[in-house]
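Report on the structure given below.
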Amino acid sequence: MSNTIIKIEDVSKQYRLGVVGTGTLSHDLNRFFAKIRGKEDPTRKVGVSNKLNTVEGDYVWALRDINLEVGDGEVLGIVGKNGAGKSTLLKLLSRVTAPTTGTIKVKGRIASLLEVGTGFHPELTGKENIYLNGAILGMTKKEIDSKYEEIIDFSGVKKYAGTPVKRYSSGMYVRLAFAVAAHLEPEILIVDEVLAVGDAEFQKKAIGKMQSVSRSGRTVLFVSHNLTAVEQLCTRGVLMQNGTLVMDGKIHDITSAYKKMSVDENQLKRSGTRVFEIQEYKMMDLDGKPCDEVFLGDDFKVTIRARANEQIDLSDMTLDIRNDSNEFIAHITNADDLFYVKDVPKRGEVMVEIQVKDICLAPGTYYASVWLGNSYGTFDYIENCIRFSIKQGENLIKRPYPFDKRAKVVLASKWNLI
Amino acid sequence: MSTTQAEVLKNQLPENWNMVIRPKRNLLDVNLKELWQYRDLIVLFVKRDFVAKYKQTILGPIWFIIQPLLTTLMFTIVFGNIAGIPTEGIPKILFYLTGIVGWTYFSTCLNDTSQTFIKNASIFGKVYFPRLALPISVVISNLVSFVIQFVFLLCFLAYFMIMGSDIAPNINVLLIPFLVILIAGLGLGFGIIISSLTTKYRDLTHLVTFGVTLWMYATPIIYPLSEIPEKYKFWIIANPMTPVVETFKTAMLGVGEVNYAYLLYSVVFTIVTLALGIVIFNKVEKTFMDTV
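As given, the protein sequences belong to chains A and B, one line each in that order. FYI, in the numbering used here the residues of the first sequence are 1 to 418. FYI, in the numbering used here the residues of the second sequence are 419 to 710.
Here you go:
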């Protein structure tokens, strides 16, 4: 990359576990004596990677050997589970703390938004806080002067600019804080989860602002668990796991790898009395071949094999479909087809096939949950156990460009000139 | 070409990085230029401290005057009237007030800056700016209250002079701005050393509060230096605040005389403390978030 703006070389960060502050004097002395005897530092354990639940020793590597280059104008999304080291990386970049090894080289001014409203003082008025917060984030007074009107307009709290912020509602507070942050003009902007604030309308405004920032040619590093926002804003992504970079590529490849990782790693959540127990579930196409991809407008089948542990009616069965933001999209139930299984004997097995017709959900990734029960309770419920994706194809809609990500369902339409 | 040669060549390539983040930096690599770039922030911190302190109080900035005044009255009663410590012929109230105004600036500087890292951990953990901006802003905002108290002291001085007391402010008053810088430097120096150490050893916070009070008794505030028995004199003068306070009193009240050798000692002490403080602070600020 010729126009590299951030270059991270072999960066690692080590943290001490436990109650920091107690025993540090003895650790220091220990280290000191080891040093003067020419021995290795006894408190440093190398080679322990960051597995949050299986830690050996008192120290943990929050980041191991990170190498990353970011080009000028790139909008890089950093995804990974909690504890993967995303925030630590951002902290190092924003110089809140220093790396244990390695170097980070940067061209240009960095502004970091690890939080909105850093340094807001409750007793100061909205206007005074804009100046204070702006200065903390690295603006000069002159810069804030020239942007003040814009900031206060964007925040929508103009009427209250002279009121101490302790009298603000939490929404107003957050909007004001974000407004200041959004008007920073550094070459590099580092953003951590700050979009998760405010109401839906404000979030839209915030994402829009972020998009215009990234379009203006500035380099943005963005961490969020909101994959939709990441996909909207970023072009390139990196996936982090246990303190290392495991993948680097186009943002959609990264987010889908991340989603896959979360399904694989999360143990399936299962609950119920198991009076009726699910033995097997499968998704297939109409020819009976197992599949995890369907085209818009196609049909698919789900088969469920279940066993009764006592004699019972199987009166309620459902298949719930959620999208990758865990929004409830569809509820499919046996009652819709007046289908019931009566009097299953003890140890009897049933095999049920559910045909879903003319699927018209927006292209994307979905998860189906299987539920068996009756009106008194749950027999067996396995959450998000079937993962499948829907592709656009040409069966239902023929548009030659990708489906708009904002829409959740697809409605086929006929167009005529009359 | 061996790999080491290749690496050397690579490192020599002209790359105009304007910031390099490394694990440890040189002890003496203090970035004062950057601090200057953040001068607006320092001004805003001063304003914040000033505004926030007296919002929603009825008396507001009058508190700046009430504090030294009540302390002076208390000292006058306890040390002047009950204990009967002489004040070199100066009206007791004036004698104590002069010492207290000077000392208060020092003690507030030291107390407030010594909590820099602990009190501001939440800001420091989220955003970078030169950390020295905060203790410096504390020293400046305390300077504002010092100036108010100093003006108040001048009023008292004028009153007693009109009433015919034997007080003689003299040419040494020209030294006062210099003394103020010494007080600020000494308070800041000790303050940032302590704040750097408290990130790891929290015990020091307990020590500071009463340590500063004890220190006051080792400084000629409630007694004149001339009253000290010879065998203690060395230790009282070894206290770097002693020459400063003595010179301040001499300039304002005209008793005693300025000992330039002692004053020079204070200057050297201040410079060393401040330099040491900045070096330690600079080293700690990079990683204190991991231990605080």
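Built from N, CA and C at the ideal position, the CB exists for glycine as well. Just so it is clear, the structure is predicted and the values come from calculations on it, not from any experiment.
Report, in whole angstroms, the separation of the C-beta atoms of residue i and residue j, which I expect to be a contact under 8 Å.
i              : j              : result
L93 (chain A)  : I104 (chain A) : 6 Å
K86 (chain A)  : M247 (chain A) : Incorrect: roughly 13 Å between the Cβ atoms, too far for contact.
Y148 (chain A) : Y160 (chain A) : Going by Cβ atoms, the distance from Y148 (chain A) to Y160 (chain A) rounds to 15 Å, so no, they are not a contact pair.
L512 (chain B) : P486 (chain B) : Going by Cβ atoms, the distance from L512 (chain B) to P486 (chain B) rounds to 12 Å, so no, they are not a contact pair.
A182 (chain A) : K209 (chain A) : 5 Å
N3 (chain A)   : G71 (chain A)  : 6 Å
L296 (chain A) : L189 (chain A) : Not really, about 37 Å apart at Cβ, beyond 8 Å.
Relative to the C-alpha of residue i, which residue among the options is closest?
i              : options                           : result
R466 (chain B) : B:I585, B:I511, B:L488 and B:N560 : B:N560
S532 (chain B) : B:K701, B:G695 and B:I503         : B:G695
R16 (chain A)  : A:I6, A:I8 and A:V60              : A:V60
C385 (chain A) : A:I418, A:M283, A:F339 and A:L417 : A:M283
L643 (chain B) : B:S540, B:N657, B:V630 and B:N449 : B:N657
F507 (chain A) : A:P402, A:L176, A:G297 and A:K260 : A question about residue 507 (chain A) goes unanswered here, because the residues of chain A that appear run from 1 up to 418.
I8 (chain A)   : A:T244, A:N395 and A:P290         : A:T244
L528 (chain B) : B:M707, B:G603, B:V598 and B:I698 : B:G603
V275 (chain A) : A:R307, A:D292 and A:D298         : A:R307
L314 (chain A) : A:V344, A:I190, A:N326 and A:P186 : A:V344
D380 (chain A) : A:S271, A:V350 and A:D358         : A:S271
T660 (chain B) : B:E703, B:I689 and B:G517         : B:G517
I304 (chain A) : A:P290, A:I312, A:D298 and A:E310 : A:P290
L137 (chain A) : B:F687, B:A693 and B:D458         : B:D458
W633 (chain B) : B:E645, B:T617 and B:I655         : B:I655
How far does the beta strand (DSSP E) with residue i in it reach, from first residue to last?
i              : result
D248 (chain A) : T244 to K250
M492 (chain B) : Here M492 (chain B) belongs to no beta strand (DSSP E); instead the alpha helix (DSSP H) covers W481 to F493.
Q232 (chain A) : Looking at the DSSP string, Q232 (chain A) is not in any beta strand (DSSP E); the run it does join, the alpha helix (DSSP H), is L227 to L233.
T219 (chain A) : T219 to V223
E9 (chain A)   : T4 to R16
G237 (chain A) : R236 to Q241
I536 (chain B) : From DSSP, I536 (chain B) is part of no beta strand (DSSP E) but of the alpha helix (DSSP H) over T534 to K537.
W294 (chain A) : A small correction: the amino acid at residue 294 (chain A) is Val; Trp does not occupy that position in the sequence shown. Taken as a continuous stretch (DSSP letters only), the beta strand (DSSP E) holding V294 (chain A) covers E293 to F295.
E280 (chain A) : F276 to M284
I439 (chain B) : M437 to I439
Output, in chain order, the set of chain A residues within a Cβ distance shorter than 7 Å of residue i.
i              : result
G543 (chain B) : V96
K473 (chain B) : E123
D530 (chain B) : Those within 7 Å of D530 (chain B) in chain A number zero; the least Cβ separation is about 16 Å.
Which residue comes first and which comes last in the alpha helix (DSSP H) that contains residue i?
i              : result
G713 (chain B) : Given that chain B is displayed from residue 419 to residue 710, the structure contains no residue 713 (chain B) and the question cannot be resolved.
M581 (chain B) : Per DSSP, M581 (chain B) belongs to no alpha helix (DSSP H) and is neither H nor E.
L606 (chain B) : I594 to T616
T475 (chain B) : Premise fails: T475 (chain B) is in no alpha helix (DSSP H) and is neither H nor E.
I382 (chain A) : Run containing I382 (chain A): none in the alpha helix (DSSP H); it sits in the beta strand (DSSP E), G377 to K391.
K667 (chain B) : M659 to L671
W521 (chain B) : K510 to T531
I152 (chain A) : K141 to S155
A679 (chain B) : Y678 to V702
Who are the neighbours of residue i on chain B, taking C-beta pairs under 8 Å?
i              : result
L176 (chain A) : Residues of chain B passing the Cβ test: none, with the nearest at roughly 16 Å.
Using a cut-off of 9 Å between C-beta atoms, extract the partners of residue i located in chain A.
i              : result
L453 (chain B) : What L453 (chain B) touches in chain A: nothing, since even the nearest Cβ is about 13 Å away.
A470 (chain B) : H121, P122, E123 and L124
K704 (chain B) : R95, T97 and A98
List, in chain order, every chain B residue whose beta-carbon is nearer than 9 Å to that of residue i.
i              : result
V106 (chain A) : W435, N436, M437, V438 and I439
L132 (chain A) : L459, L462, F463, K465 and R466
T103 (chain A) : V438, I439, R440 and P441
T15 (chain A)  : The sequence given here places Tyr at residue 15 (chain A); Thr does not occur at that position. In chain order: D708.
G243 (chain A) : Those within 9 Å of G243 (chain A) in chain B number zero; the least Cβ separation is about 15 Å.
S112 (chain A) : K544, V545 and Y546
G377 (chain A) : Neighbours of G377 (chain A) on chain B: none; closest Cβ ~47 Å, over 9 Å.
Which residues in chain B have a C-beta closer than 7 Å to the C-beta of residue i? List them in chain order.
i              : result
A135 (chain A) : D458, L459 and L462
L92 (chain A)  : I439
L189 (chain A) : Ordered by position in chain B, no residue passes the 7 Å Cβ test against L189 (chain A), which lies about 13 Å from the chain.
E115 (chain A) : K544
K141 (chain A) : D458
G373 (chain A) : Those within 7 Å of G373 (chain A) in chain B number zero; the least Cβ separation is about 48 Å.
T118 (chain A) : I541, K544 and V545
Which chain A residues are close to residue i, counting only those with a beta carbon under 8 Å from its beta carbon?
i              : result
K651 (chain B) : Within 8 Å Cβ-Cβ: nothing; K651 (chain B) doesn't reach chain A, min ~37 Å.
M581 (chain B) : The contacting residues do not exist; M581 (chain B) stays about 42 Å from chain A at best.
F482 (chain B) : Here the premise fails: no neighbours, minimum Cβ distance about 18 Å.
Let me see if you follow: with CB-CB separation under 7 Å, is residue i close to chain D or not?
i              : result
T623 (chain B) : Annotation note: the requested chain D is absent from the structure, which comprises protein chains A and B.
Heavy atom of the ligand MG less than 6 Å from the Cβ of residue i, yes or no?
i              : result
D192 (chain A) : Absence of the ligand MG from the depicted structure is noted, as is the absence of any ligand whatsoever, leaving it without description.
Item to complete: Tell me the start and end of each unbroken beta strand (DSSP E) in the stretch 299-363 of chain A that is at least 3 residues and wholly inside, in chain order.
Response: 300-308, 312-314, 316-323, 328-333, 341-344 and 349-356
Practice prompt. May I have a chain-ordered list of the beta strand (DSSP E) segments no shorter than 3 residues that lie completely inside the stretch 164-209 of chain A?
Written response: 188-192
Item to complete: Could I get the ranges of all uninterrupted beta strand (DSSP E) runs contained in the stretch 70-105 of chain A, with 3 residues as the minimum, in chain order?
Response: 75-80
Discussion item. So within the stretch 103-138 of chain A, which uninterrupted alpha helix (DSSP H) runs reach at least 4 residues, ignoring any that extend past its ends?
Written reply: 126-136
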